[in-house]
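Residue numbers (my numbering): 24 to 451. All C-beta atoms, glycine included, are put in the ideal place defined by N, C-alpha and C. As structure tokens, the structure follows; a few thoughts come after it.
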């Protein structure tokens, strides 16, 4: 009964355009009181959801991303990528994708990647002869890589929910993230192959490439320090987040000299505000997932999936992808992880699918959701820069989605793609 109340209120609130996090929280609280569940479990669940040690990494990674963005690392990464590949016919589009991969390894956030790079790359692509709508769509898709290339907030959340190793998740995200980048470049080459007016940049000299590498070196070292430190056992993922924030301060103040001590309070406040938004979503989604679990609906859906797939892993994975792709269209990744991980993961484990590989499947699905209307956060961010509407971008988003769906299929049905690197490096 409580599940009917829960989903009914949730759907009604969404119909009135109430934010998803608020809808989840209100629906959960009302369902608790109307269904006779113990109301004292609400604060207990809120505390439990927000006090997991792994989640402490989120504010530090957010702070590190803000620091490196303020330090001007995005411009330095763009200049470095331009010096390497900008002279090819589709070089500027390749720069957009490559820099998205680099910046993703610093910020760990899709919208942050689009906001930091889009203001530079979208006008640059237009000047190089690309259509404005395609430039915005490609930048939005490049930002989607931000939740797959480590460090990733979605990996941290999935690890906190499932108990999977966050360090192993970070390692597992490298190859799928690079595959997504390669898919975006391939789509670009195919889509614009008959368009005239695409202008490459002048080829950089060896001296110019060396100078751009030296400028970008300190930014490029951050993911090396994070992943290297985790793999070597020097620190945990949570400790790595703190190290990345301190490293960012060091680089911004003493190396690039772009940060001023007077700017620190505003930067910390911005990071705290962004963290608060994420944690609020986590708390509300966790409460919603608890009601679903207590009411037995998670087990019922799991049993139904097991029955309908007749124990066929491939059919279950297909249904999982369809569910998550739809979820990504209507809600953010954190909410979807809290709602669907307790439902889908037990079935996947029962059918013999690896917990880390399943995390990749979930996160790639939800990364695609970042560029899927109507709640494609990256699309909205890109549109705010390009001054387009979502409707105007749909035509250019479709071929990009096809490319990313091919990557999703490979990641789903060939788990070795995700597990190869962590197994090779002995990640635990």
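Check	Outcome
Euclidean distance between Cα positions of residue 176 and residue 390	12 Å
Coil, strand or helix - residue 354 by DSSP	coil
Among 145, 321, 193, 289, the one whose alpha carbon lies nearest that of residue 364	321
Cβ pair residue 211, residue 116 closer than 8 Å	yes
Reference residue 190, options 154, 262, 291, 123, closest by Cα	262
Beta carbon of residue 301 nearer than 8 Å to that of residue 357	yes
Residue from 366, 73, 285 with nearest C-alpha to residue 323	366
DSSP-derived helix/strand/coil call for residue 98	helix
Member of 164, 249, 103, 256 whose CA lies at the smallest distance from the CA of residue 233	103
Where residue 283 falls, given that 16 or more other Cβ within 10 Å makes a residue buried	exposed
Under the three-state DSSP convention, the category residue 66 falls into	helix
Which listed residue (114, 376, 195) has its alpha carbon closest to that of residue 337	376
Under 8 Å between C-beta atoms of residue 88 and residue 147	no
Segment limits, alpha helix (DSSP H) that includes residue 150	133-150
Chain-order list of residues whose beta-carbon lies under 6 Å from that of residue 155 (same chain, five-residue window excluded)	149, 409
CB of residue 383 within 8 Å of CB of residue 441, strictly	yes
Segment contact flag, the segment 302-317 with the segment 113-127, C-beta cutoff 8 Å, min 3 pairs	no
Residues near residue 43 in its chain [Cβ-Cβ closer than 6 Å; skip 5 each side]	354, 358
Alpha helix (DSSP H) runs contained entirely in the segment 213-282, provided each spans 4 or more residues	229-255, 260-273
Within 8 Å, strictly: CB atoms of residue 163 and residue 405	yes
Boundaries of the alpha helix (DSSP H) in which residue 293 is found, first to last residue	287-317
Whole-Å CB distance - residue 370 paired with residue 329, under 8 Å assumed	6 Å
6 Å Cβ shell around residue 64 - same chain, five flanking residues per side excluded	none
Under 8 Å between C-beta atoms of residue 351 and residue 392	yes
Rounded separation between residue 429 and residue 269 - CA only	38 Å
Contacts around residue 381, its chain only, beta-carbon distance under 7 Å, and the 5 residues preceding and following it disregarded	368, 371
Residue span of the alpha helix (DSSP H) that contains residue 153, given as start and end	Where residue 153 is concerned, there is no enclosing alpha helix (DSSP H), given that its DSSP letter is neither H nor E.
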